[in-house]
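**Student:** Please read through the structure below; I'll follow up with questions.
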Amino acid sequence: MTAAPPTPARVERRPPKDTTPDRPPRRGGVPGRIALYATLTVLLLAFIAPMVWALSASFKPRADIFEYPPNLIPSPATFENFRNLLNGEPFWNWFAISVVTALLATVIAVFVCALAGFAFAKYRFTGKRILFSVMFSSLSVPFAVILVPLFVLVVKSGLSNPWFALIVPWVAPAFGIFMMQQYIIQSIPDEILEAARIDGATEFGIFLRVVLPLLRPPLGALAVWQFLHSYNSFLWPLVLISETDRYTIPLGLNILFKAENRSFDLVLPGAVLASVPTILVFLLLRKQLLEGLSTGAVKG
């Protein structure tokens, strides 16, 4: 007679422990969020109110621009201010010079900054640290300090044509080079470049086909910043240009504002039209701009 095998002890199965870290308790709760949204709403209104007023006043007769209390809906609305500006002033010349030079300066600066940032980030060469230190230290030099030497250099070189001279100061901003260099160091590993070299790509081909496509977010952010910086430039065109017909938009609006009667009925429609290119640039590059800013925040 054989003994029955022992019954195995029942093993009690316990649910696995939850190893996910506890979420920190929300601070402030509903009152904190209400205060945050209220603050953001007040700031939004403070920023947008001047633009709304300028847009509204540009359609008002001159006598109604400063009426109190202000009426945001023009009554009656008129296009006379726009007609007087476009027919009586060389506004389209100002507009064309500003937009074309800003676009050219932006395209050249974005390419140069990406190329220089790639060189500083991925190559070793003699004098690299010194050259980078000199470039980076130029961020602390105000533009007014180099204004006169730059003007003398441009005039003595025979390059004072506004279509060329308005672009020169913005083609290699130190901020853009530093921004590209930091992004390339953080986001583009050396293994990708080595793989491209093994496949037979040239160094410039690596930059064009491998590096540039990966730099879309910071390039978009830099393009928006550079366009605004060049488009809104006032001091350099003021020193360089003497003919009214070749003014940029900031200079043109300034002479309208400094007129004997302070032509607000011309300045306001001019400001509204001048804001169109900046709005279009932001709308076209908003995705790259937001990605570039958020990537920089995460990487930092």
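In my numbering, the protein residues as written are 19 to 318.
Even glycine gets a Cβ: it sits at the ideal position worked out from N, Cα and C.
#1: Would you mind stating whether residue 270 and residue 150 have Cβ atoms separated by less than 9 Å?
#2: Please state the DSSP three-state secondary structure of residue 135.
#3: Let's test the definition: count the other Cβ atoms within 10 Å of the Cβ of residue 62 and tell me whether it reaches 16, buried, or not, exposed.
#4: Are the CB atoms of residue 248 and residue 184 nearer to each other than 9 Å?
#5: If you draw a straight line from the C-alpha of residue 280 to the C-alpha of residue 237, how long is it?
#6: Pop quiz: residue 189 and residue 117 are said to be a contact at Cβ under 8 Å. What is the actual Cβ separation, rounded to whole angstroms?
#7: So, for residue 292: in the same chain, excluding its five sequence neighbours on each side, which residues have a beta-carbon less than 6 Å away from its beta-carbon?
#8: May I ask you to verify whether the region 157-165 touches the region 87-98, counting CB pairs closer than 8 Å and requiring at least 3?
#9: Using the rule of at least 16 other Cβ atoms within 10 Å of the residue's Cβ for burial, across every protein chain shown, is residue 52 buried or exposed?
#10: Let's see if you can read the secondary structure: which residues bound the alpha helix (DSSP H) around residue 269?
#11: Using only CA atoms, which one of 56, 170 and 275 lies nearest to residue 107?
#12: Mind listing, in chain order, the continuous alpha helix (DSSP H) runs of no fewer than 4 residues lying wholly within the region 195-232?
#13: For the alpha helix (DSSP H) holding residue 152, just list the boundary residues, first then last.
#14: Which one of 254, 232 and 140 has the shortest CA to CA distance from residue 170?
#15: Compute the beta-carbon to beta-carbon distance between residue 140 and residue 202, rounded to the nearest angstrom, for a pair I have assumed lies under 8 Å.
#16: Between residue 295 and the rest of its own chain, which residues show a CB-CB distance below 6 Å, the 5 nearest in sequence each way excluded?
#17: Quick check: the Cα distance between residue 163 and residue 222, rounded to an integer number of angstroms?
#18: Give me the residue from 226, 119, 134 and 264 with the minimum Cα distance to residue 245.
#19: Tell whether a beta-carbon distance below 9 Å holds between residue 282 and residue 84.
#20: What is the C-beta distance between residue 91 and residue 180, in whole angstroms, given that I count them as a contact (C-beta under 8 Å)?
#21: Applying the 10 Å Cβ sphere with the 16-neighbour rule, what's the burial state of residue 175?
#22: Can you tell which of 241, 235 and 225 has its C-alpha closest to the C-alpha of residue 136?
**Tutor:** Well, looking at it:
#1: If you number the sequence shown from 1, residue 270 lands on position 252. If you number the sequence shown from 1, residue 150 lands on position 132. The answer is no: Cβ separation not under 9 Å.
#2: Working through the sequence shown from its first residue, we reach residue 135 at position 117. Correct three-state label for residue 135: helix.
#3: The residue you call residue 62 lines up with position 44 of the sequence shown. The residue in question, residue 62, is exposed, as its Cβ has fewer than 16 Cβ neighbours within 10 Å.
#4: Numbered from 1 along the sequence shown, position 230 holds the residue referred to as residue 248. Numbered from 1 along the sequence shown, position 166 holds the residue referred to as residue 184. Yes.
#5: Walking along the sequence shown from the start, residue 280 turns up at place 262. Walking along the sequence shown from the start, residue 237 turns up at place 219. So the two alpha carbons sit approximately 40 Å from each other.
#6: For the purposes of this step, residue 189 is taken as residue 171 along the sequence shown, with counting starting at 1. For the purposes of this step, residue 117 is taken as residue 99 along the sequence shown, with counting starting at 1. 17 Å between Cβ atoms; not a contact.
#7: Indexing the sequence shown from 1 puts residue 292 at position 274. Cβ neighbours of residue 292 beyond the five flanking positions: 267.
#8: no
#9: Your numbering for residue 52 matches position 34 in the sequence shown. Label assigned to residue 52: exposed.
#10: The sequence position of residue 269 within the sequence shown is 251, counting from 1. Element bounds for residue 269: 267-275.
#11: As a working mapping, residue 107 is identified with position 89 in the sequence shown. Checking every option, the nearest Cα to that of residue 107 belongs to 275.
#12: 208-216 and 221-224
#13: Position 134 of the sequence shown, counted from the start, is the residue given in the question as residue 152. Per DSSP, residue 152 belongs to the alpha helix (DSSP H) from 146-155.
#14: Position 152 of the sequence shown, counted from the first residue, corresponds to residue 170. That would be 254, whose Cα lies nearest to the Cα of residue 170.
#15: On the sequence shown, residue 140 is found 122 positions in, with the first residue counted as 1. On the sequence shown, residue 202 is found 184 positions in, with the first residue counted as 1. Going by Cβ atoms, the distance from residue 140 to residue 202 rounds to 7 Å, so yes, they are a contact pair.
#16: Position 277 of the sequence shown, counted from the first residue, corresponds to residue 295. 117.
#17: Here the question's residue 163 lines up with position 145 in the sequence shown. Here the question's residue 222 lines up with position 204 in the sequence shown. Those two C-alpha atoms are separated by around 35 Å.
#18: As a first step, residue 245 must be located in the sequence shown, where it is residue number 227. Checking every option, the nearest Cα to that of residue 245 belongs to 119.
#19: Taking the first residue of the sequence shown as 1, we reach residue 282 at position 264. Taking the first residue of the sequence shown as 1, we reach residue 84 at position 66. In contact: residue 282 and residue 84 (Cβ atoms closer than 9 Å).
#20: Position 73 of the sequence shown holds residue 91. Position 162 of the sequence shown holds residue 180. In fact, because the Cβ distance is near 40 Å, the residues do not count as touching under 8 Å.
#21: By one-based count along the sequence shown, residue 175 stands at place 157. So residue 175 ends up on the exposed side.
#22: The residue given as residue 136 occupies position 118 in the sequence shown. Among 241, 235 and 225, the Cα nearest to that of residue 136 belongs to 225.
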